[in-house]
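What follows is a single structure, written as structure tokens, with notes after it.
In the UniProt record's numbering, the protein residues as written are 1 to 497.
Okay, here's the thing in structure tokens:
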């Protein structure tokens, strides 16, 4: 049904009649059960039966811009009053310009919420309104909102416009638990929605389905004959004239089918006999205990008469043991190791210890010791070095730029931290870090106004420090292995040789 006013066409909505019903009231197309009536039932029944007052739903008020559009949408005449019934789900108070403003959150308990603003004078007189109270507002002041908000707000200017009906029964918090381990704070109406809100209701549905499937499986296991009888009854169909005609033609094929069945039965019996023989052989094999069963299987697979022998794994090669067995060449090997590691400090303890143990000394001039040569850098190392310097220079260049370049700066810092963290694979060395002066830039970026950039710079500095610490530990381990890792057992073997 439409009402034309000039060029404007408005679709009229059918109103669900608000009325008393079974210890409660039907409003917003939902049954509200009241546990305590604040107003008498006779007086509220007279108000609801009055033809000059029409009760709109909360959804109708939210879908309109102002009061005039709401009245046109509902098709109300000028002499008819507009009323709104809701349930208070939240109540707060705040101070603004030395005035206390009380705020209610009214809901239709079906997902539609509205905010009611009450002045300081009326707030003191409506202190008995708590969460779960069913109220009604006559002629609500609906205004078009200039500022976008999550909930639409209406104002209450007179105490006579507010009607407190009673306290609702079954309004509780959701019993679900959030991911953080806290209880859900959403309010639910048990008589209509259950114990869980709409966000946690989907988590309980799969459990119900699983329980139903388990019940069906249990029934199938307990009563297999009943289920087979049901299937046979379903497969049976009523006979028709066409089936009677086909029965005459099918009698000629029954003899051939019976002969085919006898042949299939003989084949099935032979297959069963073969299965019984196989089971007997398996039982005889199971009598063999221990490793004999395993060895027989291995012999049959390998087709060999010899028993299978498990070979022991090779022992790891120990460099100190081989050096001790070399005898007189041990001194030469020590010199070669010391020349290969120029960073180590030669205290002379290791060389003197070998000279004392060995009776024969080899002069230094008689041995041509090759000078250590630095390995040439490969193209991959140079590419990594250039890429590291490019990232460091990019960070230095973007420090003093505008806010638009902050994203590039943040991305370069994060990429550089990833390269430093996987330094063993990427080939980042301490020389690259010292030549790029990235530590100074990290200290400068710690005072950056953007928090993400400052935190990323801190992470980069920590990664560089861990890399330096790791390299220092590797150096100490290599030094102890070359100088102090010869045991007394191997010293005695050197003296005997």
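All residues carry an ideal CB built from backbone N, CA and C; glycine is no exception.
Residues bridged to residue i (per DSSP)
i	result
residue 167	36, 133
residue 437	Bridge partners of residue 437: none, in fact.
residue 183	177
residue 55	83
residue 391	DSSP output for residue 391 lists no bridge partner at all.
residue 138	83
Opening and closing residue of the beta strand (DSSP E) in which residue i lies
i	result
residue 189	187 to 189
residue 82	81 to 96
residue 106	99 to 107
residue 61	Here residue 61 belongs to no beta strand (DSSP E); instead the alpha helix (DSSP H) covers 58 to 62.
Residue i at chain D interface by Cβ criterion, 7 Å
i	result
residue 100	The displayed structure is made up of one protein chain only, and chain D is not part of it.
Which of helix, strand or coil DSSP assigns to residue i
i	result
residue 119	coil
residue 150	coil
residue 112	coil
residue 447	coil
residue 27	strand
residue 18	coil
residue 431	helix
residue 382	helix
residue 126	coil
residue 172	strand
residue 399	coil
residue 201	coil
residue 77	coil
residue 144	coil
residue 358	Unreliable positioning characterises residue 358 in this predicted model, as indicated by a pLDDT of 43, which lies under 50. A coordinate reading is not provided.
residue 336	helix
Residue from the options with nearest C-alpha to residue i
i	options	result
residue 117	134, 142, 110	142
residue 166	467, 396, 461, 36	36
residue 39	29, 25, 30	25
residue 158	122, 172, 188	122
residue 100	119, 388, 28	119
residue 80	385, 70, 198	70
residue 33	453, 171, 145, 402	171
residue 415	460, 448, 406	460
residue 402	76, 196, 78, 450	450
residue 50	19, 75, 453	19
residue 85	73, 134, 98, 104	134
residue 407	456, 138, 31, 388	456
residue 387	399, 410, 428	428
residue 384	432, 412, 421	432
residue 138	144, 125, 162, 145	162
residue 435	186, 83, 390, 75	390
residue 430	409, 410, 466	466
residue 145	115, 124, 168, 169	115
residue 399	421, 453, 83	453
Limits of the alpha helix (DSSP H) - the one that residue i falls within
i	result
residue 158	Per DSSP, residue 158 belongs to no alpha helix (DSSP H) and is neither H nor E.
residue 67	67 to 74
residue 413	406 to 421
residue 47	41 to 49
Cβ-heavy atom distance, residue i to the ligand ATP, below 6 Å
i	result
residue 428	Of the ligands one can find in the structure shown there are none, so the ligand ATP has no counterpart to examine.
Touching or not, the region 119 to 131 and the region 49 to 62, by the rule of three or more beta carbon pairs under 8 Å?
-> no
Contact the region 89 to 102 vs the region 58 to 71: 3+ CB pairs below 8 Å = no
Validate contact between the region 153 to 167 and the region 187 to 196 using beta carbons, cut 8 Å, 3 pairs | no
Validate contact between the region 389 to 399 and the region 425 to 444 using beta carbons, cut 8 Å, 3 pairs | yes
Between the region 42 to 49 and the region 176 to 186, are three or more C-beta pairs nearer than 8 Å?
-> no
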